[in-house]
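Residue numbers (the numbering used here), protein chains in the order written: chain X, 933 to 1382; chain Z, 55 to 326. Positions of the beta carbon are idealized from the N, C-alpha and C atoms, including for glycine. Keep in mind it's a predicted model, so treat the numbers as computed, not measured. Encoded as structure tokens, the structure appears first; notes follow it.
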């Protein structure tokens, strides 16, 4: 136990761990993370197996990296605690300096004589130092007075507050990793779904996409309603950067898309030789609609939002965006297929019907409607609040450590023949130049006081 | 007067400032350094006007693409230098800092950087963009000043060891202390802007405060290097050369976080 404490109270260990963690973090940014074994084999060849076995391919989630962080946390904890008690002693049980020699060996020091008695000199010094916001303690002896003036004692503990903040952040990280939960929900307008791992439902009332004048997306807005046992509890319109929180779950607007399984298509039929002829139809997949007075029924067999001819001449979709919507339609006459072919919304002249009978009908895919769904990322992160507390402490600690340096002035006064010898020394661990000039000012004004 | 004209005027003023500063470096005439400072300061004011105009024209914070963020980084570096110069009188650092600023401005004006203000993708439309980017770059600007004073320390130190030191009041020891105090300002700013604000924003936009994305990881690596600088210095009493080397590595890591990650590693921060 003792050797454990000795090892973990060493700053050298902290520095070694910090260097190892830094190097490991760099490695993790050089090797792609969370890819398939095939991709690694392709990219790194023979060493792919070693990378996977050493968990370098999921480095930040690996056992060895987590262990390093854990050791580092223990190291921070032991280092901080082992240095805390001397600091507390220094802050709450300060010692007077009784030897002039020690004060004169300091870098910041002063020594002079005043032509006045001990009490007057003591009062002068106390007043001057108090006006500079020093808190004073005095100890009196026969013919001698010891003064201890200090300010910004909190500054002693800046690094401890930083370390406490870091430990809370690491703890928050562990809690997030252990109890956190994230998933994506795709909800269509009007649909309500049970929220995974929760006892309430979520309904999408409305979903809109807003655009900039140049056509790029400005924002997505989803109006969500929380349902408890079938009754509405809470409604909020979420958008990117403005999530909805409920019972520890947070819902973020993350993406959008169309549900292409059952679109409604608007198809216009025209005749080449009869410009006045125009028949408009609205139909879904598999639906048969009679074409006006003609003895023909039209049906849509297939639909893709982003038409592409794949490697084996198969029709496929390049993406789920409606970049090149295309429908495969068939014409039926008396239970017999008479023509079929692809028509394209963006390229109306491109559609060709393969026909068994003579026909001058042409078809255009004029419009399509599909239910849009809103992509919502949900997460429950019980560690997040620890992170915010930790971050707050971290920042307070840093400000205290860097901008609130403790200062200490010790003075010994000795009276002889109605004159008083003044010996003073100052201690500051940071910002010594500023302290030196404050110290010199204080001593100068004490010297001048009459 | 539009934004790009103001940007160009600021650029020219910085170049003139650099000329005066280098003339000062070789002739040792203090008045030249003063002129350099005046030009740099005037440049800073014109540059500020350019940034404000850009914000008004585009309707969003002036650091959403590489051109804007380079321009803002150059502005921050001059701003940090003006503050540090005011406190510590390090005019000798002026010429080198001006070189970095001119480099950043030149990169920003290069045809490789698209300049037109494009509408923001939804994830960037947040006041956290202001807080996260401006505070981070300001912190990095102080690291840049610390980088220069650290290099100057190494030069001054080797001269002093050979007994070639001039009469300059800017001794190696003073440079070492200025480097530390510059980093002592940059470190809290970088922690707040880069890490804390970054985590808050990520949590608000993506639902996770940390995802080990390369940019996040590299900002943590930068933070580790400066944490190393502080601990070796304060607890183990390292000073001088070793400290200076860590400060230099730290700034290079910050620079890699800023540029390198965008071009060499892919991730969530794909926009800037």
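{"Item": "May I ask you to report which of helix, strand or coil DSSP gives residue 1095(X)?", "Value": "helix"}
{"Item": "Pick from 1121(X), 1014(X), 1127(X) and 1122(X): whose alpha carbon is nearest that of residue 1115(X)?", "Value": "1127(X)"}
{"Item": "Who pairs with residue 1079(X) in a beta bridge, going by DSSP?", "Value": "1070(X) and 1343(X)"}
{"Item": "Thinking C-alpha only, which one of 1247(X), 1253(X) and 1025(X) is nearest residue 1260(X)?", "Value": "1247(X)"}
{"Item": "Between which residues of its own chain and residue 1012(X) is the CB-CB distance below 6 Å, once the five residues before and five after are set aside?", "Value": "1092 and 1095"}
{"Item": "What residues from the stretch 1156-1189 of chain X come within 9 Å of chain Z, judged by C-beta to C-beta, listed N to C?", "Value": "1171, 1172, 1173, 1174, 1175, 1182, 1183, 1184, 1185 and 1186"}
{"Item": "The alpha helix (DSSP H) spanning residue 1018(X) covers which residue range?", "Value": "995-1024"}
{"Item": "Taking any Cβ of chain Z, which residues in the stretch 1362-1379 of chain X have a Cβ under 7 Å from it, in chain order?", "Value": "none"}
{"Item": "Shorter than 8 Å from the beta carbon of residue 100(Z) to some beta carbon of chain X?", "Value": "no"}
{"Item": "For the alpha helix (DSSP H) containing residue 101(Z), name the first residue and the last one.", "Value": "84-112"}
{"Item": "Using C-beta distances below 6 Å, list every residue in its chain close to residue 1138(X), excluding the 5 sequence neighbours before and after it, in chain order.", "Value": "1155"}
{"Item": "If you follow the beta strand (DSSP E) that residue 1206(X) is part of, which residue opens it and which one closes it?", "Value": "1206-1216"}
{"Item": "Taking Cβ positions, are residue 1217(X) and residue 1262(X) nearer each other than 8 Å?", "Value": "no"}
{"Item": "Excluding the 5 residues preceding and the 5 following residue 945(X) in the sequence, name in chain order all residues of the same chain whose CB lies nearer than 8 Å to its CB.", "Value": "939 and 1007"}
{"Item": "Excluding the 5 residues preceding and the 5 following residue 134(Z) in the sequence, name in chain order all residues of the same chain whose CB lies nearer than 6 Å to its CB.", "Value": "195, 196 and 199"}
{"Item": "Does the pairing of the stretch 1176-1186 of chain X with the stretch 1278-1286 of chain X give three or more beta-carbon distances under 8 Å?", "Value": "no"}
{"Item": "Within 10 Å of its beta-carbon, does residue 1030(X) have 16 or more other beta-carbons around it, so buried, or fewer, so exposed?", "Value": "exposed"}
{"Item": "Can you name the start and end residues of the alpha helix (DSSP H) that residue 268(Z) belongs to?", "Value": "268-288"}
{"Item": "Pull up the distance between the alpha-carbon of residue 322(Z) and that of residue 253(Z), whole angstroms please.", "Value": "For residue 322(Z), the predicted structure reports a pLDDT of 47, less than 50, and the residue's modelled location is therefore unreliable. A value from the coordinates is still provided. Each residue's alpha carbon lies about 13 Å from the other."}
{"Item": "Where does residue 1158(X) sit, in a helix, a strand or coil, going by DSSP?", "Value": "strand"}
{"Item": "Helix, strand or coil, according to DSSP, for residue 1055(X) in the structure here?", "Value": "helix"}
{"Item": "Residues of chain Z with CB closer than 8 Å to the CB of residue 1465(X), please, in chain order.", "Value": "Limits of chain X in this structure are 933 at one end and 1382 at the other, which puts residue 1465(X) out of reach."}
{"Item": "Leaving aside the five residues before and after residue 983(X) along the sequence, list all residues of the same chain whose C-beta is less than 8 Å from its C-beta, in chain order.", "Value": "963, 972, 976 and 989"}
{"Item": "To test your reading of the DSSP string, which unbroken alpha helix (DSSP H) runs of 4 or more residues are found completely within the stretch 1267-1342 of chain X?", "Value": "1316-1335"}
{"Item": "Where residue 282(Z) and residue 212(Z) are concerned, what is the direct C-alpha to C-alpha distance, given to the nearest angstrom?", "Value": "24 Å"}
{"Item": "Helix, strand or coil for residue 1238(X) per DSSP?", "Value": "strand"}
{"Item": "With which residues is residue 1141(X) paired in a DSSP beta bridge?", "Value": "1152(X)"}
{"Item": "Are the beta-carbon atoms of residue 144(Z) and residue 70(Z) separated by less than 8 Å?", "Value": "no"}
{"Item": "Once DSSP output is grouped into helix, strand and coil, what is the label at residue 969(X)?", "Value": "helix"}
{"Item": "Which of helix, strand or coil does DSSP assign to residue 264(Z)?", "Value": "coil"}
{"Item": "Compare the C-beta of residue 186(Z) with all C-beta atoms of chain X and state if any pair is closer than 8 Å.", "Value": "no"}
{"Item": "Against chain X, which members of the stretch 246-257 of chain Z pass a CB distance test of less than 7 Å?", "Value": "246, 250, 253 and 257"}
{"Item": "If you measure beta-carbon to beta-carbon, which residues of the stretch 189-216 of chain Z are closer than 7 Å to chain X?", "Value": "none"}
{"Item": "Please decide whether residue 960(X) counts as near chain Z, where near means a Cβ-Cβ distance under 8 Å.", "Value": "yes"}
{"Item": "Compute the Euclidean distance between the alpha carbons of residue 1298(X) and residue 1201(X), then round it to the nearest angstrom.", "Value": "10 Å"}
{"Item": "Mind reading off the beta-carbon distance from residue 882(X) to residue 1197(X)? Whole number of angstroms is fine, and I expect it under 8 Å.", "Value": "Residue 882(X) cannot be examined here, being either before or after the span of chain X that is shown, 933 to 1382."}
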